[in-house]
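Just add 69 to wherever you are in the sequence shown, counting from 1, and you've got my numbering.
Using N, Cα and C, we set each Cβ at its ideal position, and we do this for glycine too.
Step one of this worksheet: look at the structure below.
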Amino acid sequence: MAGYAFWQWTATRPRTNILVLGLDCRPDQGYVTRSDTLILATIYPPGPCAALLSIPRDLYIEIPDHDADRINTAHFWGENEAEGGGPALAMQTVAQNFGVPVHHYVRLDFDTFRAIVDSVGGVDVIVEKPVVDDAYPTDDYGAIHIEIPAGPQHMDGETALRYARSRHGSSDFDRARRQQQILVALAHCLIEPEM
Numbered sequence: 070m071a072g073y074a075f076w077q078w079t080a081t082r083p084r085t086n087i088l089v090l091g092l093d094c095r096p097d098q099g100y101v102t103r104s105d106t107l108i109l110a111t112i113y114p115p116g117p118c119a120a121l122l123s124i125p126r127d128l129y130i131e132i133p134d135h136d137a138d139r140i141n142t143a144h145f146w147g148e149n150e151a152e153g154g155g156p157a158l159a160m161q162t163v164a165q166n167f168g169v170p171v172h173h174y175v176r177l178d179f180d181t182f183r184a185i186v187d188s189v190g191g192v193d194v195i196v197e198k199p200v201v202d203d204a205y206p207t208d209d210y211g212a213i214h215i216e217i218p219a220g221p222q223h224m225d226g227e228t229a230l231r232y233a234r235s236r237h238g239s240s241d242f243d244r245a246r247r248q249q250q251i252l253v254a255l256a257h258c259l260i261e262p263e264m
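Dropping the structure here:
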């Protein structure tokens with residue numbers, strides 16, 4: 070019964086949906102690129118209550134005014150048509166296919182992600198299982214070996230990016246879970262900064 074009451078309460082409150090777009094772009098590329106990460110964050114007022122939905126980047130869906138394609142191409146097609154059009158088409162695509170309004174977006178490239186994490190002094194994350202990637206892509210189109218051990222970790226921007234971005238050695242579901250962990254840890258730093 071309590072679950073039903075909560076559902077009724079949230080159904081009558083306005084909520085804000087924010088599409089988080091993590092771009093797969095190097096410093097020399099600009100924004101005409103696919104979104105490597107799509108997370109729909111829903112924030113319920115008045116308290117700090119939120120939910121995160123990771124959208125698989127290879128999900129094949131209808132993109133408005135385009136053919137069906139992987140959802141991560143919506144940003145590419147929109148940005149290719151007009152500067153700043155990438156987030157707009159990605160938001161429209163999510164809204165149309167998931168039946169929810171998307172009010173805002175956050176678009177991050179690798180440098181911005183690192184800078185945000187570093188600006189709060191890093192994030193604390195419990196790494197559930199070691200992350201080992203023998204082919205982690207670098208900004209200069211190379212590859213390196215990375216390892217992040219299991220257990221409590223304090224991560225700077227570069228380590229957090231590696232943790233969130235690594236796709237070798239585990240599934241995309243693990244990767245999505247790690248990305249959500251980083252967002253939750255970052256939100257915690259912003260809501261309850263250390264004195």
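R176 - partner residues in DSSP beta bridges:
L90
Does the beta-carbon of A92 have 16 or more other beta-carbons within 10 angstroms, so that it is buried, or is it exposed?
Residue 92 is actually Leu in this sequence, not Ala. L92 comes out buried.
Beta-carbon gap between Q222 and V194 smaller than 7 angstroms:
yes
Strand pairing of P221, partner residues [DSSP]:
I195
Excluding the five sequence neighbours on either side, which residues of its own chain have a C-beta within less than 7 angstroms of the C-beta of A229, listed in chain order?
V186, V192 and I251
Would I215 pass as a contact of D225 if the rule is Cβ separation under 7 angstroms?
no
Less than 7 angstroms between the beta carbons of V101 and N141, yes or no?
no
Using the Cα positions of R176 and L109, report the straight-line distance between them to the nearest angstrom.
Going by C-alpha positions, R176 is about 12 angstroms away from L109.
So who's on the other strand from Y129, going by DSSP bridges?
R139
Taking 7 angstroms as the threshold (C-beta atoms), are A159 and A184 in contact?
no
Identify, in the order they occur along the chain, each residue of the same chain with its Cβ nearer than 7 angstroms to the Cβ of D178, setting aside the five sequence neighbours on each side.
L92 and C94
Near M70, which residues of its chain fall below 8 angstroms by C-beta distance, leaving aside the five closest residues on each side in sequence?
Annotation note: pLDDT 44 at M70 (below 50); position unreliable, coordinate value reported separately. Around M70: no qualifying Cβ.
Determine the burial state of Q248: buried for a count of at least 16 other Cβ atoms within 10 Å of its Cβ, exposed for fewer.
buried
Run the proximity test for V171: is its beta-carbon closer than 6 angstroms to any non-hydrogen atom belonging to the ligand GTP?
The ligand GTP is absent from the structure shown, which contains no ligand whatsoever.
Per-residue burial, G72 [other beta carbons within 10 Å of its own, 16 or more giving buried]
Confidence at G72 is low in this model, with a pLDDT of 49, below 50, so the placement of that residue should be treated as unreliable; the coordinate-derived value is given next. Counting other Cβ atoms within 10 Å of its Cβ, G72 stays below 16 and is therefore classed as exposed.
Residue closest to V169, alpha-carbon to alpha-carbon, out of L88, H257 and G190:
L88
How would you write the range of the beta strand (DSSP E) that T111 sits in, first residue to last?
Unbroken beta strand (DSSP E) run through T111: S104 to Y113.
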